[in-house]
Amino acid sequence: MKKYLTAYAISLQETLQRRSTLIMDRVGGFAVILSLYSFWTALLGDKPGFMGYTRAEMLTYVLVINVLRSLVFTGRGWQLVGEISSGKISSYLIRPLGYSAYALSLDLAQKSVHVASAVLEVALLSALTRGALFLPRDPAAWLLFAASAALASLLFFYMEFTVSCLAFWTSESGGPLFCFELFLTFAAGAFFPLDVLPDGLRRLLSATPFPYMAYLPARVFLEKVTAAEGLRLLAVEAAWLAAVVAVSRLVWRAGVNSYAAEGG
Amino acid sequence: METVRKYFVIWIRTAGMAMQAQLTYRLGSFGFLIGKMIRLGFFFAFIVAVFNHVDTVAGYNLTETALFFLTYNVVDMVAQIFFRGVYGARRTVSEGDFDFYLVQPCSPLFRIVFSSVDFLDIVTLIPVLVMVGVAFGRLPHAGWERYAAYAALVLNGVALSYSVHVFVAGLTVRTQEMENAIWIYREVMFMGRFPVDVYAASVRWALTLGVPIAVMTSFPAKAYLGRLSPAWAAYAFALSALGLIASALYWRASVARYTSSSS
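Same order as they appear, the protein sequences are chains A and B. Per our numbering, the first sequence runs over residues 1 to 264. Per our numbering, the second sequence runs over residues 1001 to 1263.
And the structure:
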């Protein structure tokens, strides 16, 4: 455990040291959220709500998504692809550590910094726009949201990890990974609530793990689900996570077995 | 004329090589292409779905909002197709390849900006252009001058985008890093997906006078819809001229300070 904590600490220092990269990343992310916030504000106009969301709830959805994007949608997929393709992964395979746990430590360090920045951005945007935020009154909603967001973060990490393992078999895994990430971001509700989609498509997506990564945690935060329903969703999310972790382990093992250290 | 022919031949050669690379990299290219289609499709579906519940957003109906979104895509994709080389500028500089560009009988700026062509965006651009045609067909009839203004302002937007790419290339040569600069531009460009009128006044001014994304993406559609005054159109062209001159000067100053990074 200590070695992973050390990896976390070093990665945290590195992320904080590369300040210009961090600031530029956040500026880009802030532009996206400002854009969506403005769109919804214009759409709502003088209306009290839209599709079952009050004005405060809809604008809060956008802001919560900013935090979730920083917590959930940052992985180590592209680094893994690069390390496999270049052969650098060899140096990790001979070390006394589990690669996925090591990668998760690095990812958590990056997430820590980005989530802290995202919370500051939300506070800034909220103050600038004087927008009324919806804050859950029930402490259970906060707990359920925190648990659901944490599971979502792991779910994304292991899903991306699994897709990135394609690099063991092909040097062209960048394309599928790009496609997967884009689809997942939309299907998770990280740009807009899935309620706006047609019923059929929404039902189809709800049978996948994708909405558990942004849309459902945001609904939990907005108290759109009861505590009992929230617990049920959390159990389903945990089941998805267990399944994805199992698949990622199988794929990783198969990938390492077929790995030929090309480029290394 | 001879110079134009020379650069056209160079561009054809480098574009051909880029195409061969993308055709060789079939699975990867297919994944990127599908990803781009997904992004386009989801955003379009979102806009259509939203307008099932409201009549207007910031005073624009569905077809008008779609025209803004599509115009953003036209400008962005044309820039992606032609100026893709800038995305690899950092590697070109840090690995020392830029030194070879400098000794070749060809403008290093031309090589660094136009050295790669993203053919996947050409494939994605086709349905976008078709949809622009459909949007024109659904909007009230407009005279030829509106179409001319639209086309001129789209080209103007591409010229502004070129200035930004040249500025980023100059920054890369000067600092030998800034790998994120072009991605920041891409992220900020996200704001161009919606009509500039959805933003608060201060943001609207910033997007028109500061980071001129509105000039690139919203002005063409506004001109077509007859909502852009001649003064703002003149401002757009003047801004592009200024941007082209300033970015060329910055590039020249950056190359003058270049000291080679790897040799």
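Here a beta-carbon is modelled for each residue, glycine too, at the ideal position from N, C-alpha and C.
Quick one: Cα of residue i to Cα of residue j, how far?
i, j, result
"residue 102 of chain A", "residue 168 of chain A", "18 Å"
"residue 64 of chain A", "residue 1255 of chain B", "44 Å"
"residue 1197 of chain B", "residue 1073 of chain B", "18 Å"
"residue 99 of chain A", "residue 249 of chain A", "11 Å"
"residue 1217 of chain B", "residue 1154 of chain B", "7 Å"
"residue 125 of chain A", "residue 1062 of chain B", "28 Å"
"residue 245 of chain A", "residue 212 of chain A", "15 Å"
"residue 1224 of chain B", "residue 16 of chain A", "47 Å"
"residue 56 of chain A", "residue 132 of chain A", "6 Å"
"residue 193 of chain A", "residue 75 of chain A", "22 Å"
"residue 216 of chain A", "residue 236 of chain A", "11 Å"
"residue 184 of chain A", "residue 210 of chain A", "6 Å"
"residue 170 of chain A", "residue 177 of chain A", "12 Å"
"residue 1245 of chain B", "residue 1236 of chain B", "14 Å"
"residue 152 of chain A", "residue 146 of chain A", "10 Å"
"residue 50 of chain A", "residue 158 of chain A", "34 Å"
"residue 1058 of chain B", "residue 1026 of chain B", "42 Å"
"residue 1145 of chain B", "residue 1229 of chain B", "13 Å"
"residue 1227 of chain B", "residue 137 of chain A", "46 Å"
"residue 37 of chain A", "residue 122 of chain A", "11 Å"
"residue 143 of chain A", "residue 1035 of chain B", "35 Å"
"residue 1028 of chain B", "residue 200 of chain A", "30 Å"
"residue 1181 of chain B", "residue 1030 of chain B", "27 Å"
"residue 1088 of chain B", "residue 150 of chain A", "35 Å"
"residue 1003 of chain B", "residue 181 of chain A", "43 Å"
"residue 1 of chain A", "residue 223 of chain A", "36 Å"
"residue 3 of chain A", "residue 9 of chain A", "10 Å"
"residue 1148 of chain B", "residue 1172 of chain B", "36 Å"
"residue 22 of chain A", "residue 73 of chain A", "15 Å"
"residue 1106 of chain B", "residue 191 of chain A", "44 Å"
"residue 238 of chain A", "residue 220 of chain A", "15 Å"
Starting from the Cα of residue i, find the closest Cα among the options and give me that residue.
i, options, result
"residue 1234 of chain B", "B/1062, B/1220, B/1022", "B/1220"
"residue 1195 of chain B", "B/1046, B/1246, B/1071", "B/1071"
"residue 1176 of chain B", "B/1094, B/1052, B/1041", "B/1094"
"residue 266 of chain A", "A/161, A/233, A/208, A/187", "No answer is possible for residue 266 of chain A: it lies beyond the span of chain A, which begins at 1 and ends at 264."
"residue 1206 of chain B", "A/203, A/130, A/148, A/35", "A/35"
"residue 1077 of chain B", "B/1202, B/1215, B/1123", "B/1123"
"residue 109 of chain A", "A/30, A/242, A/13", "A/13"
"residue 1187 of chain B", "B/1135, B/1213, B/1174", "B/1213"
"residue 115 of chain A", "A/127, A/93, A/67", "A/67"
"residue 1010 of chain B", "B/1113, B/1159, B/1167", "B/1113"
"residue 128 of chain A", "B/1039, B/1201, B/1016", "B/1201"
"residue 1204 of chain B", "A/25, A/7, A/31", "A/31"
"residue 164 of chain A", "A/19, A/44, A/251", "A/251"
"residue 1139 of chain B", "B/1022, B/1166, B/1066", "B/1066"
"residue 1151 of chain B", "B/1075, B/1023, B/1250", "B/1075"
"residue 1158 of chain B", "B/1240, B/1103, B/1247, B/1097", "B/1240"
"residue 195 of chain A", "B/1047, B/1184, B/1174", "B/1047"
"residue 1068 of chain B", "B/1132, B/1014, B/1023, B/1208", "B/1132"
"residue 226 of chain A", "A/140, A/204, A/260, A/179", "A/140"
"residue 1018 of chain B", "B/1141, B/1040, B/1083, B/1208", "B/1083"
Could you spell out the range, first to last residue, of the alpha helix (DSSP H) harbouring residue i?
i, result
"residue 149 of chain A", "139–164"
"residue 1184 of chain B", "1181–1189"
"residue 1259 of chain B", "Note, residue 1259 of chain B: premise wrong, no alpha helix (DSSP H); not H, not E."
"residue 114 of chain A", "99–129"
"residue 91 of chain A", "89–93"
"residue 1005 of chain B", "1002–1024"
"residue 1224 of chain B", "1213–1224"
"residue 1052 of chain B", "Run containing residue 1052 of chain B: none; DSSP gives neither H nor E here."
"residue 1072 of chain B", "1062–1082"
"residue 7 of chain A", "2–17"
"residue 1204 of chain B", "1201–1205"
"residue 82 of chain A", "77–86"
At a cut-off of 7 Å, would you count residue i as near the ligand MG, judging by its Cβ distance to the nearest heavy atom?
i, result
"residue 107 of chain A", "Ligands in the displayed structure: none, and consequently the ligand MG is not present."
*Note down, one range per segment and in chain order, each alpha helix (DSSP H) of at least 4 residues found wholly within the region 206–232 of chain A.*
Within the region 206–232 of chain A, the complete alpha helix (DSSP H) runs of at least 4 residues are 215–221.
_Output needed in chain order: residues of the region 1065–1094 of chain B with a Cβ under 7 Å from some Cβ in chain A._
none
*Mind checking the region 1194–1218 of chain B against chain A and listing, in chain order, the residues whose C-beta falls within less than 8 Å of any C-beta there?*
Under the 8 Å Cβ criterion, the region 1194–1218 of chain B contributes 1194, 1197, 1198, 1199, 1200, 1203.
*Of the residues that make up the region 35–63 of chain A, which ones have a beta carbon closer than 7 Å to any beta carbon in chain B?*
35, 38, 39, 42, 43, 50, 51
*asked:* Extract the residue ranges of the alpha helix (DSSP H) inside the region 165–196 of chain A, only unbroken runs of 4 or more that lie entirely within it.
replied: 174–187
*In chain order, which continuous runs of the alpha helix (DSSP H) of length 4 or greater are located wholly inside the region 48–72 of chain A?*
Correct list: 55–72.
*Enumerated in chain order, which unbroken segments of the alpha helix (DSSP H) with a length of 4 residues or greater are wholly contained in the region 1089–1156 of chain B?*
Fully enclosed alpha helix (DSSP H) runs of 4 or longer: 1089–1094, 1097–1103, 1108–1114, 1119–1138.
*Taking any Cβ of chain B, which residues in the region 119–152 of chain A have a Cβ under 7 Å from it, in chain order?*
none
_Residues in the region 151–176 of chain A having any Cβ partner in chain B nearer than 7 Å_ = Taking a C-beta cut-off of 7 Å against chain B, the contacting residues of the region 151–176 of chain A are 170, 172, 174, 175, 176, listed in chain order.
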